[in-house]
Amino acid sequence: MVSQSLSNQYLSDPDVQLMLLVKEGDHAAFEKLVDRFQDRLVGFFFHMLRDRVVAEDLAQETFLRVYRSRERYEPKARFSTWLFRIAHNLASNQKRGSARRREIPLTSDSQANEFGTGGRIPADKSALMPTRQLDSSEVREVVKDALDSLGDRQRTAVLLHKFEGMSYQDIGDVLGLGTVAVKSLLSRARGKLREALERYVN
Amino acid sequence: MSKDQPQTTKPDVEDELADLVAYLDGEMDEPSAELMERRLTSDNPLRQRADALDVTWQLLDSLEDVGASGEFAQKTLSSLETIETTPDSPQDFGTRFKRALFQSGVLHNAIGWLVLAFLLASLGLTIGRLTARPQRANDDVQMLQQLPLLKHYHQYRLLPDADFLQDVSLPAEVDPGEELP
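Chains as they are written, first to last, in our numbering: chain V, 120 to 321; chain A, -4 to 176.
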């Protein structure tokens, strides 16, 4: 009875319904899923990896993996939870691969941007003039740096909670953690963000 | 800080932060949330911490809103055709092979033959055992009949042959009047 109520809960998810149609061979249903999640996935990967080209590649790979597994799909979670679990794993693998390949940059930051390592305005630069109001682009760079300072799981938790509105339970399903662990993860992440950004807050 | 005041340990600070964040995230149960609200109204440092957490959290909205490019969907859907037409990948081949085997009924037939072979083998073994029992019984009877021979085998083995045994067993023809040497 419990498992039946759980599966009923997920069946009410419209994205799960679409995926079940994809399982039956409905191509149009898959197009709808792509349309619904493409921006969210690309945005997620971009904020995780700060490279737009890689973000689109990984978003596409996520969709392909969903499509390949359509025949054995079973709704055991919300569709978005499953989708972002795949996305998180891909992002983590990409970061691990990039870390192994990373070389010491010999060029300036502007040239480093070309290779997708992200432009960085050192926080110290702004710290020299703490009373100066930062413009929006500088704020954005500072926030990006603060987000970069987080660990992979912390960053995923922050992005999913902030931009996907996921609950601790859903985030736990994505990361394979319990709600208590997610609570701890997010509190540390937000503590770090506060420490990094507080000086820029009036 | 006086000696009487308990020092705030790091786990306490972390627990308080976690509770505060859970409250701000709306992840607290009703009674705990009410308790936190009461604390926030009377605890200024705590309220300042909550405000700082909230404001820095809102700063995340300054991150650029990045979406998929115009041709993303078309590229993604086009790549699906590659999946459909590409020969089976090594990873998928095993799955597809098993499915085809199952669906074609070959597997069913093979299982059926295996079961039949097992039954026949069992039947053969059972028949073999049943027919072997009388032979064993006959062997036992024969052995019992030859038991005296077996008991004195160590004496009989000294005899040259069976004829000698027979000669010894026959009474000797002796003249009562003849003196023995």
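Note that CB positions come from ideal geometry on N, CA and C, so glycine has one too.
- Taking C-alpha positions only, D38/A is separated from R259/V by approximately 32 Å.
- For the stretch 45 to 72 of chain A, the residues whose beta carbon sits under 8 Å from a beta carbon of chain V are, in order, A47, L48, V50, T51, W52, L54, L55, S57, L58, E59, D60, V61, G62, A63, S64, F67, A68, K70, T71 and L72.
- For D24/A, no chain V residue has a Cβ inside 9 Å of its Cβ, as the nearest lies near 12 Å away.
- Note that the C-beta distance between L12/A and L266/V is not below 9 Å.
- Among the residues of chain V, those whose CB is under 7 Å from the CB of A17/A are K302, following chain order.
- Shortest Cα-Cα distance from D176/V to any of L294/V, E193/V, D158/V and G297/V involves D158/V.
- Of all alpha-carbon atoms in V320/V, K263/V and L168/V, the one lying nearest the alpha-carbon of A206/V is that of L168/V.
- Counting C-beta atoms within 10 angstroms of its own C-beta, M138/A has fewer than 16 neighbours from the protein chains shown and is therefore classed as exposed.
- Under the 9 Å criterion on CB atoms, Y319/V is classed as interfacial with respect to chain A.
- Not a single C-beta of chain A is nearer than 9 Å to the C-beta of S268/V.
- Taking C-alpha positions only, L202/V is separated from L279/V by approximately 12 Å.
- G295/V carries a coil assignment under DSSP once its states are collapsed to helix, strand and coil.
- Residue-level contact by beta carbon holds for G310/V and chain A, with a gap shorter than 9 Å.
- Judged by pairs of C-beta atoms under 8 Å, the stretch 305 to 317 of chain V touches the stretch 34 to 54 of chain A, as three or more such pairs exist.
- Classified as buried, L137/V has 16 or more neighbouring CB atoms from the shown chains inside 10 Å of its CB.
- Counted as a single uninterrupted DSSP element, the alpha helix (DSSP H) harbouring P133/V occupies residues P133 to K142.
- Per DSSP, V50/A is one residue of the alpha helix (DSSP H) stretching across N39 to Q53.
- Any Cβ of chain V closer than 9 Å to the Cβ of D7/A would place that residue at the interface, and such an atom is absent.
- Assigned with DSSP and collapsed to three states, K195/V falls in coil, not helix or strand.
- Looking from the CA of H166/V, the closest CA among G297/V, K151/V, L183/V and K214/V belongs to K214/V.
- In summary, F113/A is exposed, with fewer than 16 beta-carbon neighbours lying within 10 Å of its beta-carbon over all protein chains present.
- With respect to Y287/V, D14/A sits apart: the two C-beta atoms are not nearer than 9 Å.
- If you look at D176/V, you'll find it in the alpha helix (DSSP H) that goes R171 to R187.
- For P143/A, the uninterrupted alpha helix (DSSP H) run begins and ends at L142 to K146, by DSSP.
- When Cβ-Cβ separations below 9 Å define contact, K263/V makes contact with chain A.
- Per DSSP, the continuous alpha helix (DSSP H) segment holding V161/V begins and ends at H146 to L168.
- Comparing C-alpha distances from L152/V to each of A178/V, V277/V and G216/V shows the shortest one belongs to A178/V.
- Only those residues of the stretch 141 to 157 of chain V whose C-beta falls short of 7 Å from the nearest C-beta of chain A are listed: E150, V153, D154 and Q157.
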